[in-house]
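Written below as C-alpha cells is the structure these notes are about.
Protein chains in written order, with our numbering: chain W, 1 to 149; chain U, 1001 to 1313; chain S, 2001 to 2123; chain V, 3001 to 3392.
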C-alpha cells in the first residue's frame, strides 16, 4: 500500500507558486512551463491557488524581509508531505540582489529547500527538469527506507 | 447478487472508475483543444490516491467540526444513489419505478446545496462568497434543467427513465416533427448541466483568480478528494441522464451491445461539454442570472409548449 | 535636453497650481530627492507641452518640511509618500501620509537614503 | 443589513504573479473601499546601486523587472551616456529599438494571455503564450537569453544582428502579424470575452490626467502621450509609427490599445531591420563619469519609465532614482475599482498590467523586530472572520 501511495504522490505533484520579492522573470518562466510548448500537465503538475491543495511550493525571488514571515506562514498551511523548490539564482543565494541588504539571501534561510533550480531566469525546460529531479529524489528516498523497514 | 450489482457492476465501483476516466477524458480534450499534450491516462487515479494520503487540516476557526467532515459524505452518497436509476446495460437500470426521473433530478441538486453549505461553514471570506455564489447560481440553471427533462417525459408520457429510453427512438421515428422540441430541450439541458457542474463558463463559485478556490479553499486531503470525486461522479450521472432520456440510453442498436452504446453516447456528450468549456470565458454572476432567465428558461419553455401541442395534434 | 527650473520651497504649490490652471502641465512623471551636504533637494520631473522640465527645490536637513501638492495634483500622492519614507521630508497637507514602501517593522525616523545612513549588512 | 466583508487579495494569490496587497471592503458583490499596500517586493536596489560601478549597476538594474528588463537597461545606459556626453553610434541605436520593440511584443502577448486567464478564458492564455514563444526564440537568438538580455552597455550594444537573424526576424514578424490580427478579431467579437471586458474599470480622461496615468492605461482613455514620439530617444525619431489611442476608457479600450501597439511594433521592427545602418556597435565611455545629472524617459510596455541619475565624477553613481510605469498607474487604479463587482477585480487590476517588481525596487532596511500591524493573507483572514462575526 505504501508503494502505491508513494507512486501516487510522485505522479501528481500539485504546485503552488510564491514570489518572495523577485523580479518575476522566474515567475513568467514557471507560468510558461504550463503553456503548450512545455506543458507541465504531462507530468500531472497542476498550478493550484490555495496552499491547502498544494504539495510543492515553488519559491522565486530573494525573499525580502517583509515577505519572509508570510512565506513561512503559507508553508505552515500546506498539508501533508510538502516540499520546497527554490527557483532561480535569487531564490538560491540572493542572486543579483545579494548586495541589497534588505533580502535574507535565499529561500533556504527560511524554509527547508528540497530542490534548487539555478538560472536567471531558468528556462522552462530547466524548471521541468528541476521538478523531475525532485520526483526522482523522492523515488530514491522511498527505495532507501523501503529496504530499511 | 444484488450486493454485487450495487457495489460492483452498475453501481459504485463502475461509477467511480468511469468518473475518473471521464475526468481524464475531459482534461485531455480540454488540453488538446489548447494544443497542449494533456495529462496521462492514470492522472486522475494518481490525484485521487495522493489526496487520500495527504494530511487533512480542519481550520480551528470552523465551529461545527463534525459538519465539516460529514458534508462531503452526504454529497457523495446522494450522487452514488442517483446513479442506480440510470440504465447502463440493455437490461435496464438496477432499480426503476415510475417517477425515478424526478428523484434523480433532485438528487443531483443536493451536491450543489452541500457545496454552498461547505463554503459557509469554512468561514474564510473566499469560501463564504463562493458559497453565496453557489446558491445564486443554483436558481438560474435549475429551472431550465427540470423543464428540459420534462420534454421527453411528456413525449413518452411516463416518468420512468427506462421507459423513456426505450420508447423515445421509436416515437421519434414515427413522428419526425418531435425532433425540434427535443433538440431545443437537449440544447438547454446541456447548457444547464454545464452550469450545474459549475464548469466554465459557469465556474463562478470557485473562480480561481478571484476566490482562490471558493468553497473548497479550506478543504484538503481526504475531504477534498471526496469532494473532487463527487464532482466527477456528478458529471457522469448528469451526462448519462441526458444521454439516457434524449439519445436513447443503453438500448442496443444494430447488434452493438447496450453497454457499448451507453459509453459512446456519454463520451459524445462529454466531448460537447469539454468543447464548451474550452471555448468560453467565465461570465459574471449577474450575467449568468440574466442569461439563465432571459435565454435558457424561455428556450426550454418553448420546447415544452411545442411538445405539448404536438402531442395533442 | 531637460529644462531646469529652481524654485523656493514655499512656492511649490502656487507654481504647480499656476501650471495646471494654464493647462501647461501635461504629466508629473515623478518626484525624486537626494541629499547634498546640509540640505535635501527635491526634484519634480514634469512633462509640459514643449518638452521635459525638472523643477527643483531644496529644504534644510534640520527642518525638512515642504507643502504637499496633492490637493492640487492627486498624481503626486504615492511619490510624496515614497520620498517621505526614504528621505524624511514631511509633506504638509498630504491627505494620507501612511508609510508606503517600508515594512511595518521598520524603525521610525531612520531614513535610508540619507548619506549618513550606512548599509549594516548583518548577514 | 449592509454586511461589509474585507476581501484581502495578496500578497500570495493566484491572481497576482507578484506580492502586492489589495484590501477591498465589499458589500455583497460591490466594492466599497480599495486600499493598496506595497513593500512586499522591496529589495533596496537604489541604495545598493550607490555602492557599485556603472557596469555592475547595469547588471542589477536590468533585473529590476523580468518582463521589462530592456526598459531599465536602456534607460540607465541613456542617462549615463547623456552625463558623459557620449554619442551612441546609429547601428547600436537601431539594435536597441529592435530589441525594445520585441520586448514590447512579448510583454503585450503575455498581458493578453494573463487577461484571458483572469476572466477564465484559459484557451486564450494558452494560445497567446504559445505564440509568445516565437518572440522569445527571436530574442534568444539575438541576445542569448529569453529574459534579462544583457545586450546593453553604457555607450552602445554588446551583440550584433547578422543577416541570417534579419531574415528570421522578418519571418517571425509575418507569423506574428497573422496571429495578432486573429486576436484582434477575438477581442472585438467573442461575446463572453466582450461581456467581461466592456464597460468595467472606467477611467475617464480628466481623472487619468489628474492622477497621472501613463502608457496604455492613459491611452485607453484618450490621452495621446507616448514618450517615443513626444521625447524621442535612441532611433525612434527616424522611424515612422503612429500612437494608438481609444476613448472608451474601459478595460476593452486598453485591450484595443495594446493589440494596436503590437501591430505598430511589428511595423517598427520591419522598418528598423530594413534600414539597419552599418557602423560600430558601441562608443568608448570613460570609467569615471564626470559630475552631472540626467533625467531620461523611456516608453516601457506599461507606460513611461523614468530614470534620474546623478554622477559625482567617480566611477560610482551618487544617486540612482527609478520610477516604473506601474507606480504612476497605481494612483488611478482606486478610481477604476470603486463600486465595481468583486468578480471584476482581477480583470481591472490586470488591465493596468501591474509590474510590481518595478514599483517596489527602492529601499528597505533589515530589522529584526517582528511586530507587524498590517498582516498577510492568513492573518487577514482571521481579521476578516472577527470582523464578519462582529458585523453579522
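Ideal Cβ positions, reconstructed from N, Cα and C, are used throughout, including at glycine.
Going by DSSP, what residue range makes up the beta strand (DSSP E) through residue i?
| i | result |
| --- | --- |
| residue 2039 (chain S) | 2039 to 2048 |
| residue 14 (chain W) | 14 to 19 |
| residue 3298 (chain V) | 3292 to 3300 |
| residue 115 (chain W) | 115 to 117 |
Alpha carbon to alpha carbon, how far is residue i from residue j?
| i | j | result |
| --- | --- | --- |
| residue 65 (chain W) | residue 104 (chain W) | 6 Å |
| residue 1239 (chain U) | residue 1107 (chain U) | 14 Å |
| residue 3131 (chain V) | residue 1017 (chain U) | 37 Å |
| residue 3336 (chain V) | residue 2095 (chain S) | 19 Å |
| residue 3363 (chain V) | residue 3320 (chain V) | Low confidence applies here, because residue 3363 (chain V) scores a pLDDT of 25, under 50, leaving its location unreliable; read the following figure in that light. Each residue's Cα considered, the two are about 12 Å apart. |
| residue 3365 (chain V) | residue 2106 (chain S) | Confidence in residue 3365 (chain V) is poor, its pLDDT being 22 and thus under 50, which makes the residue's placement unreliable; the coordinate value appears in the next sentence. Using only the alpha carbons, I get a separation of about 7 Å. |
| residue 3189 (chain V) | residue 3090 (chain V) | 42 Å |
| residue 3379 (chain V) | residue 60 (chain W) | Residue placement at residue 3379 (chain V) cannot be trusted, given a pLDDT of 36 that sits under 50; the coordinates are not used to answer. |
| residue 1195 (chain U) | residue 140 (chain W) | 45 Å |
| residue 1318 (chain U) | residue 1068 (chain U) | Only positions 1001 to 1313 of chain U appear in this structure, which leaves residue 1318 (chain U) out of reach. |
| residue 3245 (chain V) | residue 3222 (chain V) | 6 Å |
| residue 3170 (chain V) | residue 3313 (chain V) | 44 Å |
| residue 3310 (chain V) | residue 97 (chain W) | 21 Å |
| residue 3381 (chain V) | residue 25 (chain W) | Caution applies to residue 3381 (chain V), whose pLDDT of 35 falls short of 50 and renders its modelled position unreliable; the value that the coordinates give is listed next. Those two C-alpha atoms are separated by around 29 Å. |
| residue 3081 (chain V) | residue 3267 (chain V) | 28 Å |
| residue 1049 (chain U) | residue 1126 (chain U) | 27 Å |
| residue 1086 (chain U) | residue 1246 (chain U) | 13 Å |
| residue 3243 (chain V) | residue 3236 (chain V) | 12 Å |
| residue 1307 (chain U) | residue 1301 (chain U) | 10 Å |
| residue 3112 (chain V) | residue 3125 (chain V) | 7 Å |
| residue 3370 (chain V) | residue 2032 (chain S) | Note on residue 3370 (chain V): pLDDT 25, under 50, position unreliable in the model; no value is reported. |
| residue 3279 (chain V) | residue 3084 (chain V) | 21 Å |
Starting from the beta carbon of residue i, find every residue of chain V whose beta carbon is closer than 7 Å, and list them in chain order.
| i | result |
| --- | --- |
| residue 96 (chain W) | 3059, 3060 and 3063 |
| residue 2032 (chain S) | 3308 and 3321 |
| residue 2068 (chain S) | The contacting residues do not exist; residue 2068 (chain S) stays about 14 Å from chain V at best. |
Please list, in chain order, the chain W residues whose beta carbon lies closer than 9 Å to that of residue i.
| i | result |
| --- | --- |
| residue 1232 (chain U) | Neighbours of residue 1232 (chain U) on chain W: none; closest Cβ ~15 Å, over 9 Å. |
| residue 1218 (chain U) | 50 and 52 |
| residue 3109 (chain V) | Result: empty, since nearest Cβ-Cβ is about 11 Å, beyond 9 Å. |
Which bits of chain U does residue i rub up against, with CB to CB less than 7 Å?
| i | result |
| --- | --- |
| residue 3132 (chain V) | Per Cβ cutoff of 7 Å: no residues; residue 3132 (chain V) is ~14 Å from chain U at best. |
| residue 3126 (chain V) | 1034 and 1036 |
| residue 36 (chain W) | 1034, 1035 and 1036 |
Need the endpoints of the alpha helix (DSSP H) that residue i sits in, please.
| i | result |
| --- | --- |
| residue 3307 (chain V) | Per DSSP, residue 3307 (chain V) belongs to no alpha helix (DSSP H); it is in the beta strand (DSSP E), 3303 to 3311. |
| residue 3171 (chain V) | 3163 to 3189 |
| residue 3091 (chain V) | 3090 to 3118 |
| residue 1314 (chain U) | Any question about residue 1314 (chain U) goes unanswered here, given that chain U covers just 1001 to 1313. |
| residue 1054 (chain U) | That residue, residue 1054 (chain U), is in no alpha helix (DSSP H); it is neither H nor E in DSSP. |
| residue 1311 (chain U) | 1297 to 1312 |
For residue i, which residues in chain V fall below 8 Å Cβ to Cβ?
| i | result |
| --- | --- |
| residue 1121 (chain U) | Within 8 Å Cβ-Cβ: nothing; residue 1121 (chain U) doesn't reach chain V, min ~12 Å. |
| residue 2018 (chain S) | Neighbours of residue 2018 (chain S) on chain V: none; closest Cβ ~16 Å, over 8 Å. |
List, in order along the chain, the chain S residues whose C-beta lies closer than 8 Å to that of residue i?
| i | result |
| --- | --- |
| residue 3225 (chain V) | 2026, 2027 and 2047 |
| residue 3331 (chain V) | 2074, 2075, 2077 and 2078 |
With a cut-off of 8 Å on the beta carbons, I'd call residue i and residue j a contact; round off their distance for me.
| i | j | result |
| --- | --- | --- |
| residue 15 (chain W) | residue 58 (chain W) | 5 Å |
| residue 3277 (chain V) | residue 3107 (chain V) | Their Cβ separation, rounded to whole angstroms, is 27 Å, which puts residue 3277 (chain V) and residue 3107 (chain V) out of contact at 8 Å. |
| residue 3098 (chain V) | residue 3273 (chain V) | 7 Å |
| residue 3147 (chain V) | residue 3220 (chain V) | Contact doesn't hold; Cβ gap of about 26 Å is too wide. |
Determine the chain U residues that contact residue i at a beta-carbon separation under 8 Å, and present them in chain order.
| i | result |
| --- | --- |
| residue 138 (chain W) | Within chain U, no residue comes near residue 138 (chain W); the closest Cβ sits about 12 Å away, beyond 8 Å. |
Residues of chain S with CB under 7 Å from residue i, in chain order?
| i | result |
| --- | --- |
| residue 3393 (chain V) | Not covered by the structure: residue 3393 (chain V). The range shown for chain V is 3001 to 3392. |
Can you name the residues of chain U whose CB is closer than 9 Å to the CB of residue i?
| i | result |
| --- | --- |
| residue 3341 (chain V) | 1284, 1285 and 1286 |
Closer than 8 Å by beta-carbon distance: list the chain B residues that pair up with residue i, in chain order.
| i | result |
| --- | --- |
| residue 3312 (chain V) | No chain B is part of this structure, whose protein chains are labelled W, U, S and V. |
Which bits of chain S does residue i rub up against, with CB to CB less than 9 Å?
| i | result |
| --- | --- |
| residue 3304 (chain V) | 2027, 2029 and 2047 |
Residue ranges of each alpha helix (DSSP H) run of no fewer than 4 residues wholly in the stretch 1146 to 1181 of chain U, ordered along the chain? Entirely contained in the stretch 1146 to 1181 of chain U, the alpha helix (DSSP H) runs reaching 4 residues are, in chain order, 1161 to 1174.
Can you give, in chain order, each stretch of the alpha helix (DSSP H) that sits fully within the stretch 2012 to 2084 of chain S and has at least 4 residues? Here the runs fully enclosed are 2012 to 2022.
Please give me, in chain order, every unbroken run of the alpha helix (DSSP H) with length at least 4 that falls completely inside the stretch 8 to 88 of chain W. The stretch 8 to 88 of chain W contains these whole alpha helix (DSSP H) runs: 25 to 32 and 65 to 77.
Give, in chain order, every unbroken run of the alpha helix (DSSP H) that is at least 4 residues long and sits entirely within the stretch 3116 to 3150 of chain V. Along the length of the stretch 3116 to 3150 of chain V, whole alpha helix (DSSP H) runs at least 4 residues long occupy 3122 to 3143, reported in chain order.
Any chance you could list the alpha helix (DSSP H) runs of at least 4 consecutive residues sitting entirely within the stretch 3044 to 3091 of chain V, in chain order? DSSP runs (the alpha helix (DSSP H)) wholly in the stretch 3044 to 3091 of chain V: 3045 to 3049, 3054 to 3061 and 3069 to 3083.
Within the stretch 3204 to 3257 of chain V, ranges of the alpha helix (DSSP H) (whole runs, at least 4 residues): The stretch 3204 to 3257 of chain V contains these whole alpha helix (DSSP H) runs: 3205 to 3210, 3215 to 3219 and 3227 to 3230.
Along the chain, which unbroken stretches of the beta strand (DSSP E) at least 3 residues long are found entirely within the stretch 1220 to 1283 of chain U? Within the stretch 1220 to 1283 of chain U, no complete beta strand (DSSP E) run reaches 3 residues.
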